[in-house]
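Protein chains: 2
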Amino acid sequence: MTNNADKGLLIVLSGPSGVGKGTVCSMLRKLAPELVYSVSATTRSPRAGEVDGVNYFFKTKEQFRSMIERDELLEWAEYVGNYYGTPRSFVNDTIRAGKDIILEIEVQGAMKVKQKFPEGVFIFLMPPSLGELKNRIVTRGTETDDSIRSRMSVAVDEIKLLEHYDYAVVNDQVESACARIRSIITAEHCRRERIMPYVNSWMEEVR
Amino acid sequence: MTNNADKGLLIVLSGPSGVGKGTVCSMLRKLAPELVYSVSATTRSPRAGEVDGVNYFFKTKEQFRSMIERDELLEWAEYVGNYYGTPRSFVNDTIRAGKDIILEIEVQGAMKVKQKFPEGVFIFLMPPSLGELKNRIVTRGTETDDSIRSRMSVAVDEIKLLEHYDYAVVNDQVESACARIRSIITAEHCRRERIMPYVNSWMEEVR
Chain A
89 MTNNADKGLL IVLSGPSGVG KGTVCSMLRK LAPELVYSVS ATTRSPRAGE VDGVNYFFKT
149 KEQFRSMIER DELLEWAEYV GNYYGTPRSF VNDTIRAGKD IILEIEVQGA MKVKQKFPEG
209 VFIFLMPPSL GELKNRIVTR GTETDDSIRS RMSVAVDEIK LLEHYDYAVV NDQVESACAR
269 IRSIITAEHC RRERIMPYVN SWMEEVR
Chain B
89 MTNNADKGLL IVLSGPSGVG KGTVCSMLRK LAPELVYSVS ATTRSPRAGE VDGVNYFFKT
149 KEQFRSMIER DELLEWAEYV GNYYGTPRSF VNDTIRAGKD IILEIEVQGA MKVKQKFPEG
209 VFIFLMPPSL GELKNRIVTR GTETDDSIRS RMSVAVDEIK LLEHYDYAVV NDQVESACAR
269 IRSIITAEHC RRERIMPYVN SWMEEVR
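This is the structure in structure tokens:
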């Protein structure tokens, strides 16, 4: 037995908009090639170079609606006239194969995933401070004072959702945040509940 | 804020006799010099080269008994006519200074520590299999079949105590076990409960 003998984990990486989820995930793809990244289903058309099953699972609206009806999505949402969602089967197949899968998602989606997949490991990416989050929002684009205020107010509401997560990783530096996420995954594989079944089977042997 | 902004952790490293706690701890001292190692109190005489406060806190029996009475020990035991115990103050001073402290201890002692310090992180070092544990006990010395059987029976009883621990680390290779322990410490610093107070204070600010 090793600490990676069993099923994989679903790691849900979320956090307020502007915190740097995308940047952290891109770095993680380079640093941790052993992790699988969740592939979304969408009804939008493929763009040049996008491959079905790699960038997205491309679906018709009819197909997508029937996935919703059959409860085949861990979460879904409509955005600018198209559907986007997380197929449950891709997640399940990956963890059954003993691999860990990462799902990067905004906070509302993460809360829906938690309802359908509470055994996931929920990681909240945090800004080092509210001031720092404001800096990141300001330097991102050419926002007006009003839109910055409204984005900050949304971010503050999103940060309140931290209470529903297992872990908070401060994104002070991208590399440090990635190292913390990898440590969390390793530690979760060491949780007593995951090793207990092996020990119980040993006890059967010696009885 | 970073993920190491707050108090340190008490990490209790235990496991059945013969599993290699001492070897893992020695390697950890080399790999993780940032960790503090708990210093025991004892009534036995210092040996050549042993320094008070470094190898042990050397106490008279009278001093030790008064530490017991004043509840100044997280656990204690008598062994071959001498007392040994874990001073609570050394642990508390270390974590208050923001440093993590490791206590390597046999399973009975760990269970006593858990009663007095339930907020500790309890890690159980596991053999990869019962067969492997037997090999380690056999190759250790010139034990008779009877004593091997009796040591194995004790080890099996000790392994049952895993259910009281937070984590199980399989000691398949010393370096891997050390890496898992370090990941657990990092992950514990990222637990939501440890970050939540900062976020609550932010929310006070913006209100």
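Residue numbers (the numbering used here), protein chains in the order written: chain A, 89 to 295; chain B, 89 to 295. Don't be surprised by glycine CBs; every beta carbon is placed ideally from N, CA and C.
Among the bridge pairs identified by DSSP, W164(B) is matched with G173(B). At least one CB atom of chain A sits nearer than 9 Å to the CB of E293(B). A direct Cα-to-Cα measurement between D159(B) and R153(B) gives close to 10 Å. One finds R280, M284 in chain B with Cβ atoms closer than 8 Å to the Cβ of E251(A), taken in chain order. Taking 9 Å as the cut-off, the beta carbon of V124(A) is found no closer than this to the beta carbon of K204(A). With respect to chain A, the C-beta atom of S264(B) has a partner C-beta closer than 9 Å.
Comparing C-alpha distances from K95(A) to each of V294(A), R282(A), L162(A) shows the shortest one belongs to R282(A). At a beta-carbon threshold of 9 Å, the residues of chain A lying near L218(B) are W290, E293, V294, ordered along the chain.
Looking at the DSSP output, V257(B) sits in a beta bridge with L213(B). Note that the stretch 234 to 251 of chain B does not touch the stretch 245 to 265 of chain A; fewer than 3 beta-carbon pairs, one per stretch, sit closer than 8 Å. E207(B): not part of any beta strand (DSSP E); DSSP gives it neither H nor E. In chain order, A275, C278 make up the part of chain A whose C-beta sits under 7 Å from the C-beta of I272(B). Here the C-alpha atom of F146(B) lies approximately 33 Å from the C-alpha atom of R224(B). For S154(A), the enclosing alpha helix (DSSP H) stretches over residues 149 to 157. Boundaries of the alpha helix (DSSP H) harbouring S289(B): 280 to 294, taken from the DSSP string. The DSSP-derived three-state label of I225(B) is helix.
Residue burial annotation: D254(B) is buried, with at least 16 other C-beta atoms found within 10 angstroms of its C-beta.
At a Cβ-Cβ threshold of 9 Å, I211(A) and L101(A) count as neighbours. Put simply, the CB of K248(A) is near chain B, with a gap under 9 Å to one of its CB atoms. The Cβ neighbour count for T227(A), taken over all protein chains shown within 10 Å, is under 16; the residue is labelled exposed. The beta carbon of L97(B) lies closer than 8 Å to those of I183, D188, I189, G208, V209, I273, E276, H277 in the same chain, with the five residues before and after it left out. Of E150(B), V112(B), S126(B), the smallest CA-CA separation from A265(B) is found for V112(B). Among the residues facing chain B, M199(A) is not included, as its CB has no counterpart in that chain under 9 Å away.
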